[in-house]
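The sequence shown runs 262 to 437 under the working numbering. Ideal Cβ positions, reconstructed from N, Cα and C, are used throughout, including at glycine.
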Amino acid sequence: MPTRGDGPAPTIGYVVWHLSLRWRVALDRALAPIGLTHAQYALLASLYGLSRKGAHPSQRELADYSGLDAMYVSKLARALQRSDLIERAGNPADPRAVRLTLTKHGVEVVTAAVAIVRRLHDRFLEPLGGRSSQRSAALKKVLETLLRHAESVEPMNRPFVSTSRSAERRVVRGRT
């Protein structure tokens, strides 16, 4: 982790941010040989998990399940469709909804991707005793607690307020 010289110790937010960055970079590098990015993997793995339970989610349902923005899911789904990993089909019951299903090729790719990600999890969690260790389980529990709490306190529904005068004028006038 980058040091700050003689400055104060890094905050928890700084550590979580850097761990998140390194995890994402490691995932992107590990998944690149099979043609996936971290975001594409997140979508495919979510769809795979839901389909194993018999679900055929719409793009909106998959966005809600995965925690990704609906417009981003739509963009990812189109790219995954072009790569023959998923099929997008209309829903006769709701003409606005688009149902997603994995293709045979998609199942093969996501199965390989899950194995890659599991190996990466093992490498990342090695200092804690591996993916199945008590220390890893305790860390996961703490992180889940923080994540649940963050969802209740984050100011995501508030507009961004800049200290810049020109930015403030744009927000007041309805332009960003």
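Simplified DSSP state of residue i, which is helix, strand or coil
i, result
"Thr364", "coil"
"Ala350", "strand"
"Asp325", "helix"
"Ser397", "helix"
"Ala340", "helix"
"Lys314", "coil"
"Gly274", "helix"
"Leu297", "coil"
"Arg283", "helix"
"Asp330", "coil"
"Arg392", "coil"
"Asp345", "coil"
Opposing strand residues paired with residue i [DSSP bridges]
i, result
"Ser440", "Nothing in the structure corresponds to residue 440, since the chain is present only between 262 and 437."
"Asp383", "For Asp383, which the question treats as bridged, DSSP gives no partner whatsoever."
"Asp355", "Asn352"
Inter-residue spacing [alpha-carbon to alpha-carbon] between residue i and residue j
i, j, result
"Ala270", "Leu389", "22 angstroms"
"Leu203", "His299", "Given that the chain is displayed from residue 262 to residue 437, the structure contains no residue 203 and the question cannot be resolved."
"Gly310", "Thr272", "35 angstroms"
"Arg384", "Gln395", "16 angstroms"
"Arg357", "Arg339", "16 angstroms"
"Thr329", "Leu408", "Correcting the residue identity first, residue 329 is Leu in this sequence and not Thr. Rounded to whole angstroms, Leu329 to Leu408 spans 15 angstroms at the Cα level."
"Ala316", "Gly351", "15 angstroms"
"Arg343", "Arg313", "23 angstroms"
"Pro353", "Ser335", "19 angstroms"
"Val414", "Glu405", "15 angstroms"
"Ser393", "Asp355", "43 angstroms"
"Arg321", "Leu280", "29 angstroms"
"Arg349", "Pro318", "10 angstroms"
"Gly391", "Leu400", "12 angstroms"
"His366", "Val359", "20 angstroms"
"Leu308", "Ala398", "25 angstroms"
"His382", "Leu282", "15 angstroms"
Residue-level contact to chain C via CB, residue i, 7 angstroms cutoff
i, result
"Leu337", "Given the protein chain composition of this structure (a single chain), no chain C is represented."
Residue i CB to nearest heavy atom of the ligand ADP below 6 angstroms
i, result
"Ser307", "For the structure depicted, the ligand ADP is absent and the ligand set is empty, with no information on it obtainable."
Contact belief for residue i with residue j at Cβ below 8 angstroms, rounded distance in angstroms
i, j, result
"Leu304", "Leu341", "7 angstroms"
"Leu292", "Leu323", "So it is not a contact: roughly 19 angstroms between Cβ atoms."
"Ala306", "Val368", "Wrong, their Cβ atoms sit about 12 angstroms apart, outside the cutoff."
How about the segment 286 to 295 and the segment 368 to 381: do they share at least three Cβ pairs that are nearer than 8 angstroms?
yes
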